[in-house]
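In the numbering used here, the protein residues as written are 145 to 498.
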Amino acid sequence: MAEQTAPAGARQGRPVTVAVLGATGYTGAELIRLLLDHPYAELAFLSSERSAGRTVGAVLPWLRNHPAAAKLTFRPLDELPEVDVAFGCLPGGQLPPRMGLVAKRAGRVLNLAGDFRLRDPEQAAAHYPASADWPEPFAYHVPEFADVPRDRFVNLPGCMAVTTVYALRPLFAAGLVEDDVVVDAKTGSSGSGRGSTEHPADRAGNFRVHKLFGHRHAPEVVQALTDYAGAAPELHFSTYSLDTPRGILVTAYSRLRPGVTALEVRRAYAASYARTPFVRLRPSPRSPQDFPMLKSVIGSNVAEVAVSVRGGRCVTVAALDNLLKGAAGQAVQTFNRLHGLPEATGLPFTAVAP
Ligand SMILES: NC(=O)c1ccc[n+]([C@@H]2O[C@H](COP(=O)([O-])OP(=O)(O)OC[C@H]3O[C@@H](n4cnc5c(N)ncnc54)[C@H](OP(=O)(O)O)[C@@H]3O)[C@@H](O)[C@H]2O)c1
């Protein structure tokens, strides 16, 4: 691994102080897990309303054996002290009304919730009505396709949206496919957060439709492809619920433009993902286990992508861990880039199996 360069805070003899807002949730807890061992981040503040006063070790049993878990205590969000970076891991709609306070105390805000992803005011009002409570802009950011953001306020992508963007961006950036595309996005149960009211017995042993039309990640995919590929395709985006805690697998079906060859498609993907350590192309999948799958990505910050062409049809498959590359890992990757650290600092490449 390349030698690490200390970020600004660390160069001044101190780590970068971070707050996690909504730290007992699935994404917040995953951020704690990553940042506990991050060499340049100091967990300065962890918010929870219901667990205020309790320690990380007492509330999150999978973290209790870390030496720091008995010392770190959750506190109500109103007690947020001055920090370098605040990660927003609150349910949608909870950060915008608190941004006045958060902006006063945090040097930067990286929001994992959807509040400020959509620029179009009509779409934002339809899908994230509370975003109007904070008028200052957030930059939408996918680390593989954008320069390091200079903005104070950054919104990270949605987990199913970004999996889809990884699947489709090479095709649209190179102008290889027709404008209409069909996407099936299958997601595990942690995607709905700890607050989900779905009973485990209803999820277990089942595989079902979540939403066939109107999912809020659809306009986000189109916005991201407009920004990063210069194309605004007609997207049919349907989502499905898997009976597994973690993981997303997206299948995208497109049609090649006349004259486009399979070789051109493979070259476009290879070029797109030649220098993206955390988005990895499966070069020539032949057997089922060569393709992206949940067991090759869960526990890692890696998104896997594979593409297959037959005749004029193109099928792309992408998979990632929704809590890592789809949320907390993506956030730490962005944090690293913002602070001039090697992108992979504190992030896992390998999955957990069986
Ligand atoms: N889960 C995923 O795969 C995923 C992926 C990407 C993005 N996201 C987005 O990230 C955000 C967090 O998701 P999550 O899955 O971690 O959610 P979650 O498991 O439901 O956790 C939400 C957290 O916010 C706190 N909270 C709840 N209501 C609150 C309120 N009214 N005021 C202040 N704090 C409150 C909760 O603890 P207390 O109630 O104790 O305060 C908890 O710590 C969501 O907006 C989600 O859309 C999730």
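For glycine and all other residues, C-beta sits at the position ideal for the given N, C-alpha and C.
> Who are the near neighbours of T494 in its chain, counting only those whose CB is closer than 8 Å to its CB and skipping five residues on each side?
Replying inline: G443 and S444
> Say the cut is 6 Å; is the CB of E193 nearer than that to a heavy atom of ligand 1?
Replying inline: Yes.
> Sorted by chain position, which residues of the same chain lie with C-beta nearer than 8 Å to T355's C-beta, five sequence neighbours on each side aside?
Replying inline: Looking at the sequence provided, one finds Lys at residue 355 rather than Thr. Excluding sequence neighbours, K355 sits near S382 and T383.
>> Would you call the segment 208-220 in contact with the segment 228-236, where contact means no fewer than 3 C-beta pairs closer than 8 Å?
In response: Not touching, per the Cβ criterion.
>> So, does the segment 388-407 touch the segment 317-335, judging by three or more C-beta pairs under 8 Å?
In response: yes
> Is the closest heavy atom of ligand 1 to the C-beta of N466 under 6 Å?
Replying inline: It does: the Cβ of N466 is within 6 Å (strictly closer) of some heavy atom of ligand 1.
> Would the segment 396-405 and the segment 456-467 be scored as touching if the rule is three or more Cβ pairs under 8 Å?
Replying inline: yes
> Do E448 and A463 have their C-beta atoms within less than 7 Å of each other?
Replying inline: In this structure, A463 lies closer than 7 Å to E448 by Cβ.
> If you follow the alpha helix (DSSP H) that R313 is part of, which residue opens it and which one closes it?
Replying inline: C303 to A317
> Is DSSP giving D465 helix, strand or coil here?
Replying inline: In the three-state reduction of the DSSP assignment, D465 falls in the coil class.
> So, helix, strand or coil for Y189, using DSSP?
Replying inline: The residue asked about is misnamed: residue 189 is Phe in this sequence, not Tyr. F189: strand per DSSP, three-state reduction.
> E266 CB to nearest chain D CB: under 7 Å?
Replying inline: Protein chain content of the structure displayed is limited to a single chain, and chain D is not contained in it.
>> Taking its Cβ as the centre, do 16 or more other Cβ atoms sit within 10 Å of V500, making it buried, or is it exposed?
In response: The displayed coordinates of the chain run from 145 to 498. Any statement about residue 500 would go beyond what the structure contains.
>> Whether or not the segment 298-315 and the segment 247-260 are in contact is what I'm after, with contact meaning three or more pairs of Cβ atoms, one per stretch, closer than 8 Å; do they touch?
In response: yes
>> Within the continuous beta strand (DSSP E) that includes I392, where are the two ends?
In response: I392 to R399
> Per the contact definition of three or more C-beta pairs closer than 8 Å, is the segment 183-192 in contact with the segment 158-173?
Replying inline: yes
> Ordered along the chain, which non-local residues of its own chain (more than five positions away) have a Cβ less than 8 Å from that of V227?
Replying inline: Closer than 8 Å at the Cβ level, and outside the excluded window around V227, lie T161, V162, A163, A188, F189, R249, A250 and G251.
> Does the Cβ-Cβ distance between D277 and P240 come in under 7 Å?
Replying inline: yes
>> Could you tell me the alpha carbon to alpha carbon distance between H285 and T307, rounded to whole angstroms?
In response: 14 Å
> Taking P314 as the reference, which of H359, F351 and R410 has the closest Cα?
Replying inline: R410
> Exposed or buried, what is D434 when buried is set at 16 or more other beta-carbons lying within 10 Å of its beta-carbon?
Replying inline: It counts as exposed.
> By DSSP, does D346 sit in helix, in strand, or in coil?
Replying inline: helix
> How is R296 classed by DSSP in three states: helix, strand or coil?
Replying inline: coil
>> Mapping the DSSP letters down to three states, classify L221 as helix, strand or coil.
In response: helix
> Relative to the alpha-carbon of Y272, which residue among H361, P293 and N480 has its alpha-carbon at the smallest distance?
Replying inline: H361
> Candidates H483, Q477, G470 and V476: which alpha carbon is nearest C303's?
Replying inline: With distances taken between Cα atoms, C303 lies closest to G470.
> Going by C-alpha distance, which of P492, G484, A497 and P498 is nearest P293?
Replying inline: G484
> When you compare only the Cα positions, how much space is there between V496 and N466?
Replying inline: 14 Å
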